[in-house]
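In what follows, a structure is listed as structure tokens, so that the remarks can point back to it.
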Ligand code: GEK
């Protein structure tokens, strides 16, 4: 289960295919996300801290688009509530398989951790159960824009009073100058983390039809329309932000 350095786009490709979360990505994912998403470790760890504040007994905590379960692990470290468990969901079979391996290893080493179940499913087809805390970390941006509002409405309807949702996303900016500035700074971040210009260019081509970021204004308006009453950014690093939305 050793994690490998991300070299997926280091050799020139004749044609860059659309990005998919397959076995190759799973092998390098922890390295890839840390070197690509500014603020990722802070967001993940503090999602656990926030979960501890909002989690309520007899409810589920969701980790939507869990990948290898980093957010669920943070929730496990921080939440201590009776009859409360985490449901981690991803539609990539390769991610789910590796994620389950991580949790089995953790369960074998530590007792009395918050239970976690990992489900391979499409969020668009999921029936949400009563939940006090939803972690939606860098996944809404992979859902087709036309489906986003309906999905958020279904999540909102499942939320109990005094719960919270954390929504982390790459942001686009409505002011073109601000957008360019933060986009360029993000390129510098990736270069500083060892990605070459070729890797950056090929990854961008792979992801551009698959990951479609919105502005904070679009997120906020849509969350309010979905029935959330308050939306605030609690963390931002360059063009990546994490919002808290209260039902
Ligand atoms: C982390 N949250 O480490 N249904 C279920 N899963 C989906 C769907 C869908 N419709 N679409 C995409 N995914 C994680 C990081 S990664 C973000 C999340 C990134 C899954 C997809 O398979 C992938 O594992 C995850 O969402 C997005 O905090 O790689 O930039």
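Residue numbers (our numbering): 38 to 284.
Note that the Cβ used here is the ideal one computed from N, Cα and C, for glycine as well.
Would you identify the three-state DSSP class for residue i, choosing helix, strand or coil?
| i | result |
| --- | --- |
| residue 220 | helix |
| residue 180 | coil |
| residue 38 | For residue 38, the predicted model reports a pLDDT of 48, less than 50, meaning its position is unreliable and no value from the coordinates is stated. |
| residue 142 | helix |
| residue 202 | strand |
| residue 280 | strand |
| residue 125 | strand |
| residue 86 | helix |
| residue 96 | coil |
| residue 172 | strand |
| residue 159 | coil |
| residue 196 | strand |
| residue 147 | coil |
| residue 208 | strand |
Given a cut-off of 7 angstroms, decide if residue j and residue i are closer than it, judged by their beta-carbon atoms.
| i | j | result |
| --- | --- | --- |
| residue 64 | residue 41 | yes |
| residue 160 | residue 101 | yes |
| residue 283 | residue 201 | yes |
| residue 270 | residue 278 | yes |
| residue 94 | residue 110 | no |
| residue 191 | residue 165 | yes |
| residue 274 | residue 76 | yes |
| residue 178 | residue 78 | no |
| residue 252 | residue 206 | no |
| residue 59 | residue 158 | no |
From residue i to residue j, what does the alpha carbon distance come to, in whole angstroms?
| i | j | result |
| --- | --- | --- |
| residue 170 | residue 237 | 34 angstroms |
| residue 92 | residue 173 | 15 angstroms |
| residue 234 | residue 228 | 7 angstroms |
| residue 139 | residue 82 | 17 angstroms |
| residue 38 | residue 142 | Per-residue confidence for residue 38 stands at a pLDDT of 48, beneath the threshold of 50, marking its modelled position as unreliable; the derived number appears in the next sentence. Residue 38 and residue 142: Cα-Cα distance of roughly 10 angstroms. |
| residue 49 | residue 225 | 21 angstroms |
| residue 265 | residue 204 | 12 angstroms |
| residue 248 | residue 98 | 25 angstroms |
| residue 322 | residue 239 | Past the boundaries of the shown model lies residue 322; the chain is included only from 38 to 284, so the question cannot be answered. |
| residue 28 | residue 80 | Here the chain has residues from 38 to 284 only, and residue 28 is not among them. |
| residue 197 | residue 53 | 44 angstroms |
| residue 116 | residue 85 | 7 angstroms |
| residue 57 | residue 104 | 12 angstroms |
| residue 217 | residue 188 | 30 angstroms |
Using CA coordinates, which residue listed in the options is at the minimum distance from residue i?
| i | options | result |
| --- | --- | --- |
| residue 209 | 219, 164 and 270 | 219 |
| residue 151 | 190, 255 and 108 | 108 |
| residue 155 | 134, 118, 224 and 168 | 134 |
| residue 61 | 129, 255 and 147 | 129 |
| residue 126 | 119, 137 and 117 | 137 |
| residue 261 | 87, 177 and 193 | 193 |
| residue 254 | 275, 280, 86 and 114 | 280 |
| residue 88 | 121, 157 and 184 | 121 |
Can we count residue i as close to the ligand COA, meaning its CB is less than 6 angstroms from some heavy atom?
| i | result |
| --- | --- |
| residue 217 | As for the ligand COA, it is missing from this structure, which binds only the ligand GEK. |
Quiz: which residues have CB nearer than 5 angstroms to the ligand GEK non-hydrogen atoms:
58, 102, 104, 107, 108, 127, 128, 129, 132, 159, 160, 174, 175, 176 and 179
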